[in-house]
Every structure is written in C-alpha cells, then in structure tokens.
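2 protein chains.
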Amino acid sequence: MAANSQESLTSAQQELYDWLADYIGTHRHSPSIRQMMQAMGLRSPAPVQSRLRHLQQKGWITWQEGQARTLQLLGDVAASVGIPVLGAVAAGGLVDTFDDVQDHLDLAPVLETRGLFALTVNGDSMVDAHIADGDVVLMEPVTDPQRLRDGTVVSALVAGSGTTLKHFHRQGPTVVLEAANPAYSPIELPADQVQVQGKLVAVWRQV
Amino acid sequence: MAANSQESLTSAQQELYDWLADYIGTHRHSPSIRQMMQAMGLRSPAPVQSRLRHLQQKGWITWQEGQARTLQLLGDVAASVGIPVLGAVAAGGLVDTFDDVQDHLDLAPVLETRGLFALTVNGDSMVDAHIADGDVVLMEPVTDPQRLRDGTVVSALVAGSGTTLKHFHRQGPTVVLEAANPAYSPIELPADQVQVQGKLVAVWRQV
DNA sequence: CATTGAACAATACATTTGTACCCCCTGCCA
DNA sequence: TGGCAGGGGGTACAAATGTATTGTTCAATG
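Protein chains in written order, with the numbering used here: chain H, 1 to 207; chain A, 1001 to 1207.
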C-alpha cells in the first residue's frame, strides 16, 4: 500500500500486516496472536507466529518478547503518524513531476509534545498570516513572555476581555497585540493586563 | 496535567494516570497491572486494580475486560494523537476566556486514512485560500475526477509540464485550473492533458 | 527428482496477566 | 463512636497469551 523501505513481503505476510495496521488503527492496541489467527481464518497459531517472525526479520514490526499485545508496526502511517511527502507542488508555475517519496511528514514530534493545547480560530483578523476562520491552531504554553521573539503569534488573555490570537510586540512597558489584517487596529495595553497563554506552533486546517 | 472535563482525581489516582500517559506515550502500548504496581512502588496488584476501577468510573480510562494490555486513556494527547481544544480564540474581537476542554482535536482519523500523501507547497498562487509557501498539504488520491465537486483544490499533473495545486473546474471538454491569487491567470486545458492526482484533505503548517 | 522455504494443523507448556478474595490501616464525617 | 471510602498488603486462580515442537502440504528451484 504505502511505499515502504523495508524488504518486500509475501502475500500472506502482507495480508497479516495490512490487517494489523487496520486493527491497531481502530483499536489503538495490538491484537493477540490468537486474534490474528482467527482474523486470518486459521486454526492454529503456528502460521501466525511464522508470519510474525518474517515480518520482524524484514523490519516491518517489532514487539516485546514474552509480553502480551506489545506488537508495533515500524515506519508505518498508523504507527508513526507519518505521511509520505511525495514532493513539492507548484502553487504558481509548474514544477517537476514527483515519483518517489522524498520525505516523511511526521507530525508525531509536535503532537507528542506534552502540554500543547489547541484553539479553534474564530474570525478573520489573522488572514494575512494565512490563519483562517475555523482553523485549529496548536499552541505551546508560554511560561516566560519576556523571551518571546517580537512578532510571534500568541494567544493572549486580555484582562476583563477575553482571549485573542495576535502578533505579539513589546514596546517598553506596554504590549501591542497586532492583527494580521489591515481592517483591525493594533491593541496597545499595559503589560500587566495581558497574559500570554501560548505561542503558535502549528496550524491545522481540515477541508 | 491537562485540564480534563472528567471528574477530579485523588492524588494517588492522578499519579497513576500521569504515569500511564507517560508510559503509553513512550512505549505505544499499555503496561500490565503488575508493571503499574512496580512503577507505583507497590507490592501488590490490588491497589492498582482499585485505582484503575476509580479511573474508569470517573471516565478517564477504559479497557477490554479480560484482555491483556488493552488499556486506553480517554481523551489524552499521547494515546489518541489528540490535543485538547480549549476553546475558541478570537482573531478579531475578543471572546470569552476558556477554562475547560471543549473538544479534542483528533488528527488520527485523517492521518490513518490509508493512501494519503502529502505535498510541500511551493509558491504563492494559493494564498487567497490561506495556503502559503512552505505549507504541507495532505492529499487524498483521486480515482475518478468526474465526481470532483467544482472548485475543489486538487493537485494536478499537466501533460509535459508538472504538478500544480489549483482550484479545479470543468467547463465542458476542458478543464480550468484556477489559482487563488489574482496575480495568476486560470489555466485552461483539454481534459485529457490534465491528470488529477489528489484532492485537498488538510493543510499543515508548522511554525 | 530432491531440496528448500513458506504456509498450515494440532498440541503442549510455561508465563503472563486480569481478577477476585481476604485482611489491615488511616482519615473523615455524621 | 461507628461507618465508610480510599489506600495498601498478601494470596490464589482461571484465563489469556507467547512460544516451542512435530508433522504435512505445496510451490518454486536447481
């Protein structure tokens, strides 16, 4: 299915692997060997053991010996939350055709960062920063606003008002929250009335 | 750690839950009760059973009864590749403060769709659709271009030229690829010279 | 034709593992 | 003062589970 760098599989092995990917994707945990046996329509665990051994030798799966249901898929979409990046696409002129996988988009490092939170964007004040209404922004909690780079996109809690997503600027004792849309004027406030909650890490838009 | 909408926990329960989140995040599978026992510094499985029962009753975890290592955290970052969506953020005016988790951003359904591929965006012809240079677009392979909704964003291979990301329109026997940027003119081509590779599923931008 | 490797059946066995009891202790509250 | 819930220790047991062993069949291969 997905292009993998591992050794090729026999059809029986591929069948098991595909089922495993599906099962783990659905159930979020590994099946037991006897479950695999049933799913493959077999009446003995030995063939499954054999397939698993081959899958392991060929670098497709791994598990903790002796421990139940610890099987993991290696280098697969479901396991690493990765998606093959096939190449660049022109959003302007036309660029070359792509053939091979050039890279893997691995969201895991971001998504596994503990403490991240997400916000649904409401409004259009950040459209010039390509953040549209309805987008989900992933934020990393900010503990020390002093260290923020000027212009960073942050979610800030303004005393008595609410939370807003803006570019963050410091101007002496005051803080300026600037929209990325000329229709909105910058908001200038005393620093102690603005509590920066998080800074932008990523934008996710599902079509 | 993260604010959860479930019932509150005692410190012992919280301790176990935090350790579970950490373990599952690292190992990608559930520990056994006796492993939890050791990690908690206990010498008997009973206290762990008790804590697990409470965590389940309060809606923090679940598992398949009788099956080994099938424990799952409910609504947790590490386990579901989800991130708590704390609320809406104004990118315009100011909206209410958020306190509780309102939803969970779960990328898994998209990322686990088999066959998806990703492309790095190169250029600015789609900026009006909030797709910027350097963004990664997740595409779903298109097998039947006939069924595409008019205006869908697609990656298309133009005969002899290359691949481009555009809005897709059909006009009788010809296909129009339209940029989302007035600086670029629509490209009109005979349908047989355009091969639609995929349609836009999501946009990912990492800051 | 003989050999080899994958696949499958059937069975056996030692652990791992979930779960159920039993007991005790402590803090809290009516 | 008694009751109760949470936390912990200890033990037992059946079921789930990984793994090994012994054959058989079949297709590919030299």
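By construction, the Cβ of each residue, glycine as well, lies at the ideal position given by its N, Cα and C atoms.
Just reading off the beta strand (DSSP E) that residue 204(H) is part of, what are its end residues? From DSSP, the beta strand (DSSP E) with residue 204(H) extends over 194 to 206.
Can you give me the Cβ contacts of residue 190(H) inside the same chain, cut-off strictly under 8 Å, excluding the 5 residues immediately before and after it? Excluding residues within five positions, the ones whose Cβ falls inside 8 Å are 173, 174 and 175.
State the Cα-Cα distance for the pair residue 1133(A) and residue 1126(A), rounded to the nearest angstrom. Those two C-alpha atoms are separated by around 9 Å.
What are the residues in the region 48 to 71 of chain H lying within 7 Å of chain A by C-beta distance? Flagged, chain order: 68, 69 and 70.
Tell me, which residues are paired with residue 1174(A) by DSSP? Beta-bridge pairing links residue 1174(A) to 1171(A) and 1190(A).
Alpha helix (DSSP H) segment containing residue 1015(A), residue limits: Note, residue 1015(A): alpha helix (DSSP H), 1011 to 1027.
Residues near residue 1023(A) in its chain [Cβ-Cβ closer than 6 Å; skip 5 each side]: The beta carbon of residue 1023(A) sits closer than 6 Å to the beta carbons of 1031 from its chain, once the five residues preceding and following it are set aside; these are given in chain order.
Quick one: is residue 206(H) near chain A, going by C-beta distance under 8 Å? So yes, residue 206(H) belongs to the interface.
Determine the direct distance from the alpha carbon of residue 29(H) to that of residue 55(H), and round the result to whole angstroms. For residue 55(H) and residue 29(H), the distance between alpha carbons rounds to 18 Å.
Grouping DSSP H, G and I as helix and E and B as strand, with all else coil, what is residue 1064(A)? Of the three classes helix, strand and coil, the one that applies to residue 1064(A) here is coil, per DSSP.
Would you call the region 152 to 160 of chain H in contact with the region 1006 to 1016 of chain A, where contact means no fewer than 3 C-beta pairs closer than 8 Å? As far as the Cβ criterion goes, the region 152 to 160 of chain H does not touch the region 1006 to 1016 of chain A, which means the pair count is below three.
As assigned by DSSP and simplified to three states, the class of residue 126(H): Three-state DSSP puts residue 126(H) in coil, outside helix and strand.
Reference residue 1185(A), options 1170(A), 1201(A), 1207(A) and 1166(A), closest by Cα: Checking every option, the nearest Cα to that of residue 1185(A) belongs to 1166(A).
Sort 33(H), 147(H), 139(H) and 171(H) by Cα distance to residue 163(H) and report the nearest one. The residue with the shortest Cα to Cα distance from residue 163(H) is 139(H).
Anything in the region 1123 to 1153 of chain A with a Cβ closer than 8 Å to a Cβ of chain H? List those residues in chain order, please. Taking 8 Å as the Cβ-Cβ cut-off against chain H, the residues of the region 1123 to 1153 of chain A that qualify are 1123, 1124, 1125, 1126, 1127, 1130, 1131, 1132, 1133, 1135, 1136, 1137, 1138 and 1153.
Excluding five sequence neighbours on each side, which residues of the same chain lie with their C-beta closer than 6 Å to the C-beta of residue 168(H)? Apart from the 5 residues on each side of it in sequence, residue 168(H) sits with its Cβ closer than 6 Å to the Cβ of 148, 152 and 154 in its chain, given in chain order.
Going by alpha carbons, who is nearest to residue 121(H) out of 200(H), 33(H) and 188(H)? Each of 200(H), 33(H) and 188(H) was checked against the Cα of residue 121(H), and the nearest Cα belongs to 200(H).
First and last residue of the uninterrupted beta strand (DSSP E) at residue 139(H): Start and end: 136 to 141.
Rounded C-beta distance between residue 61(H) and residue 72(H)? I'm assuming under 8 Å. About 7 Å; that satisfies the 8 Å criterion.
Alpha carbons only, please: which of 129(H), 177(H), 131(H) and 44(H) is nearest the one belonging to residue 150(H)? Nearest to residue 150(H) by alpha-carbon distance, out of 129(H), 177(H), 131(H) and 44(H), is 177(H).
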